[in-house]
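Below: the structure, in structure tokens.
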């Protein structure tokens, strides 16, 4: 009995102790000094990995050896790639005035981001080969898009079949498949329409072409505005948010077609896949203020992780083992990184920055890199 | 609520506190006789005399002018409330709260709620006979008293038709001739005082360099305004956290009668603080203001690629009825494609106050109706 009690206490203590591993985030008192930090959760030691000038949300390379983030240079908002200790920083994208949202290719050899040269709505997708430093515009000259994310595999593309209703869209997809096999593929938020009626919608983007994704599956897809498109780790499901239904909801494209998985009258947004691809952590206003929740994709069952009546929680990020979710909360007065066991429990404060801490990202487990497009 | 005011000639609305006959009838009946009229007629004079007699208390706060015990409301984010109504204050300590002016004080009863970050929210209830006009908010706690001038404005009622004044880009400290920006601002506020505006909004670049001295100069002139003044931060105001220490939150909302107003920060126009709390606050405030007749957004700068989630919330999912901003120091050029790309929200940019420009906007049953830009002679 005593042994069981002690074991339970030990488990409880371990749970309360918080996650292990390494966490990247940004810290600062204002955007001018906002800097990417890397925290060793075992020792509690944090080191500066960024440049400390408008640094953006850190993105780990698939092998966990480098971090990519936005940073301000004298050319504008550029992309920086550096080691987790800030070593060997390399600035990319300086040919463009603004570079946003770098994302790593599955093999860790390329970065994709959205670049904008002259203001307005002329944002396009850039892919940079990190070894050669060559930057290439993807999706064709006409594509205007934001927030590109690599598809880990082409399984989803290959599963899409032509039907009577989607002949035109399917023809566009066929044109993309060869390109995707050779160079890989991205999904991005394509900007469509004339001023006053513009929308964003998920686009499949390859080196030379692009095609709207939802047009392959539903009619009148252009009626809604989609954002935050995230493939799961296997590239077989896509989560995205849409205002279809009147407020922002999270939808998943997968084996069952398109499913509204969050389905609540309050806004739900910012889906983040668990490492086992079965859960989505997301932000929701269903209990009043912004909280962090998780849902089982297969059933739609939603479980709250953290929310409060006097504070907000946002930016959920899964630990590499899927046992913890880190997020930002201002429950202590200033926004800091907190974590909670994915199974529930007490919130654990991970950062105690003098200013704020945003955008947590756990270092991934090193895994065998995948060849592009395979 | 007055419905007759729809057809009222604009010029007859001489002061926001004169918006209804109800207040006058009320004061003649039970309350202090003629109080409303007295205030209406002499509001600018009282303010001017107060400023001369109590120059430091004009922006009170602490000795250096920054917010002290009372965070909100303040003279850049005041409370507008009807007698018998209530408003929320955020304070650093619990204390005794009262409204004060001209040596008179009006104790407030408050319900206290602890907030994160060692702050407290006081839900303050006004007595039914609270006289209309501008009041300082005082808090006594721990042996000291903090006073925030022009923090609470009691309105006899909130009419369906009213006027707001929009200014932007004051740039205090941008002086070819020392003090000229202060003097220009003083004249523009004088024009606003002479107008029928119920309140004024100033959408950023209050100062040129964002340093404490410029904020103090801004406050000194701001307090010559006879109507409530709501401010936003601009890119020139963000030297460290000076703006926050002088005015408090970057993102906030308020209502005037049935209309809602939502102020937000676009200092870093590319991301619009997409990593921080603002995206969530905008969704929360937008939903809170959903029942409003009209909802007007206020920010310093608009760019088509500013934080996308903020744009989806404000212009796509539940579009604002008007967006007010500045920054470009000129009017928009729709013929050159300067229109809101998403949804149907109309945008209005006001030329810089620095160049003696401001704009009045009629808030009507048909929607917000911006007038042509006015120039102070």
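Residue numbers (the working numbering), protein chains in the order written: chain Z, 1 to 374; chain H, 375 to 751.
All residues carry an ideal CB built from backbone N, CA and C; glycine is no exception.
In this text the structure is predicted, and so the values were computed from the model without any measurement.
Proximity winner among the options, relative to residue i (alpha-carbon distances)
i	options	result
residue 593 of chain H	H:628, H:544, H:729	H:544
residue 354 of chain Z	Z:335, Z:346, Z:362	Z:335
residue 275 of chain Z	Z:255, Z:47, Z:230, Z:29	Z:230
residue 41 of chain Z	Z:314, Z:233, Z:359, Z:339	Z:339
residue 304 of chain Z	Z:310, Z:142, Z:291	Z:291
residue 580 of chain H	H:559, H:539, H:733, H:667	H:559
residue 357 of chain Z	Z:31, Z:19, Z:21, Z:172	Z:31
residue 520 of chain H	H:481, H:442, H:567	H:442
residue 378 of chain Z	Z:24, Z:147, Z:179	Outside the modelled stretch of chain Z, which goes from 1 to 374, sits residue 378 of chain Z, for which no answer is possible.
residue 603 of chain H	H:741, H:710, H:575	H:575
residue 130 of chain Z	Z:288, Z:211, Z:66	Z:66
residue 620 of chain H	H:517, H:660, H:584, H:481	H:584
residue 205 of chain Z	Z:168, Z:246, Z:101, Z:137	Z:137
residue 58 of chain Z	Z:176, Z:317, Z:248	Z:317
residue 224 of chain Z	Z:238, Z:171, Z:247	Z:247
residue 632 of chain H	H:664, H:610, H:508, H:682	H:664
residue 140 of chain Z	Z:209, Z:34, Z:115	Z:209
Residue i versus residue j - alpha carbon distance
i	j	result
residue 104 of chain Z	residue 188 of chain Z	14 Å
residue 235 of chain Z	residue 694 of chain H	37 Å
residue 154 of chain Z	residue 125 of chain Z	19 Å
residue 745 of chain H	residue 595 of chain H	25 Å
residue 344 of chain Z	residue 181 of chain Z	41 Å
residue 269 of chain Z	residue 255 of chain Z	22 Å
residue 132 of chain Z	residue 361 of chain Z	27 Å
residue 738 of chain H	residue 53 of chain Z	45 Å
residue 712 of chain H	residue 118 of chain Z	14 Å
residue 577 of chain H	residue 731 of chain H	13 Å
residue 657 of chain H	residue 702 of chain H	27 Å
residue 192 of chain Z	residue 677 of chain H	17 Å
residue 455 of chain H	residue 461 of chain H	7 Å
residue 432 of chain H	residue 599 of chain H	Confidence at residue 432 of chain H is low in this model, with a pLDDT of 40, below 50, so its placement is unreliable and no value can be given for it.
residue 476 of chain H	residue 505 of chain H	13 Å
residue 406 of chain H	residue 538 of chain H	Below a pLDDT of 50, predicted positions are generally treated as unreliable, and residue 406 of chain H, at 29, falls in that range; the measurement from the model is reported next regardless. Going from the Cα of residue 406 of chain H to the Cα of residue 538 of chain H covers about 29 Å.
residue 302 of chain Z	residue 263 of chain Z	10 Å
residue 398 of chain Z	residue 671 of chain H	Nothing in the structure corresponds to residue 398 of chain Z, since chain Z is present only between 1 and 374.
residue 293 of chain Z	residue 591 of chain H	47 Å
residue 128 of chain Z	residue 109 of chain Z	9 Å
residue 534 of chain H	residue 296 of chain Z	48 Å
residue 675 of chain H	residue 240 of chain Z	28 Å
residue 326 of chain H	residue 341 of chain Z	A query on residue 326 of chain H cannot be resolved here, the shown segment of chain H reaching from 375 to 751 and no further.
residue 418 of chain H	residue 750 of chain H	At residue 418 of chain H, the pLDDT of 49 sits below 50, so the modelled position is not reliable; the number obtained from the coordinates is stated separately. Residue 418 of chain H and residue 750 of chain H: Cα-Cα distance of roughly 18 Å.
residue 637 of chain H	residue 244 of chain Z	27 Å
residue 327 of chain Z	residue 152 of chain Z	24 Å
residue 238 of chain Z	residue 218 of chain Z	15 Å
residue 446 of chain H	residue 346 of chain Z	32 Å
residue 98 of chain Z	residue 450 of chain H	33 Å
residue 430 of chain Z	residue 184 of chain Z	Nothing can be reported for residue 430 of chain Z, as the shown portion of chain Z is limited to 1 through 374.
residue 563 of chain H	residue 733 of chain H	12 Å
residue 331 of chain Z	residue 495 of chain H	15 Å
residue 397 of chain H	residue 572 of chain H	The predicted position of residue 397 of chain H is uncertain, since its pLDDT is 26 and thus under 50; a value taken from the coordinates is nonetheless stated next. So the two alpha carbons sit approximately 15 Å from each other.
residue 352 of chain Z	residue 569 of chain H	50 Å
8 Å contact criterion, which residue i and residue j should meet: CB distance rounded
i	j	result
residue 546 of chain H	residue 588 of chain H	5 Å
residue 715 of chain H	residue 203 of chain Z	Actually they do not touch by this definition, with Cβ atoms about 17 Å apart.
residue 69 of chain Z	residue 47 of chain Z	Actually they are not in contact, since the Cβ atoms of residue 69 of chain Z and residue 47 of chain Z sit about 15 Å apart, beyond 8 Å.
residue 85 of chain Z	residue 366 of chain Z	Between residue 366 of chain Z and residue 85 of chain Z the Cβ distance is about 17 Å, and since that is not below 8 Å, they are no contact.
residue 686 of chain H	residue 555 of chain H	Contact flag wrong, Cβ pair sits at about 37 Å.
residue 651 of chain H	residue 312 of chain Z	6 Å
residue 490 of chain H	residue 310 of chain Z	6 Å
residue 71 of chain Z	residue 363 of chain Z	No, residue 71 of chain Z and residue 363 of chain Z are not in contact; Cβ-Cβ is about 20 Å, not under 8 Å.
residue 18 of chain Z	residue 325 of chain Z	The pair is not a contact, with the Cβ atoms about 12 Å apart (cut-off 8 Å).
residue 228 of chain Z	residue 271 of chain Z	7 Å
**OP:** Examine the Cβ distances between the region 519–526 of chain H and the region 616–626 of chain H and report whether three or more of them are shorter than 8 Å.
**Re:** Short answer: they don't touch.
Subject >> Segment contact flag, the region 71–81 of chain Z with the region 91–109 of chain Z, C-beta cutoff 8 Å, min 3 pairs >> reply: Flag = yes, the region 71–81 of chain Z and the region 91–109 of chain Z touch.
Original post:
Which runs of the beta strand (DSSP E) spanning at least 3 residues fall entirely within the region 13–91 of chain Z, listed in chain order?
Top reply: List check, beta strand (DSSP E) in window: 22–28, 35–40, 45–48, 67–73, 76–82.
Subject >> Cβ contact (3+ pairs, closer than 8 Å) linking the region 505–517 of chain H and the region 461–470 of chain H >> reply: Yes: the two stretches touch, three or more of their Cβ pairs being nearer than 8 Å.
Subject >> the region 686–703 of chain H touching the region 713–724 of chain H, judged by at least three CB pairs closer than 8 Å >> reply: Yes: at least three Cβ pairs fall under 8 Å.
Subject >> Contained alpha helix (DSSP H) runs [length at least 4] in the region 153–210 of chain Z, N- to C-terminal order >> reply: Counting only runs of 4 or more, we get 155–159, 167–183.
**OP:** With 8 Å as the C-beta to C-beta threshold (strictly closer), list the residues of the region 339–368 of chain Z near chain C in chain order.
**Re:** No chain C appears in this structure, whose protein chains are Z and H.
Original post:
Between the region 277–288 of chain Z and the region 248–266 of chain Z, are three or more C-beta pairs nearer than 8 Å?
Top reply: Per the Cβ contact rule, the region 277–288 of chain Z is in contact with the region 248–266 of chain Z (3 or more Cβ pairs under 8 Å).
Original post:
At what residue ranges does the region 679–709 of chain H contain a whole run of the beta strand (DSSP E), taking only runs of 3 or more?
Top reply: Correct list: 696–699.
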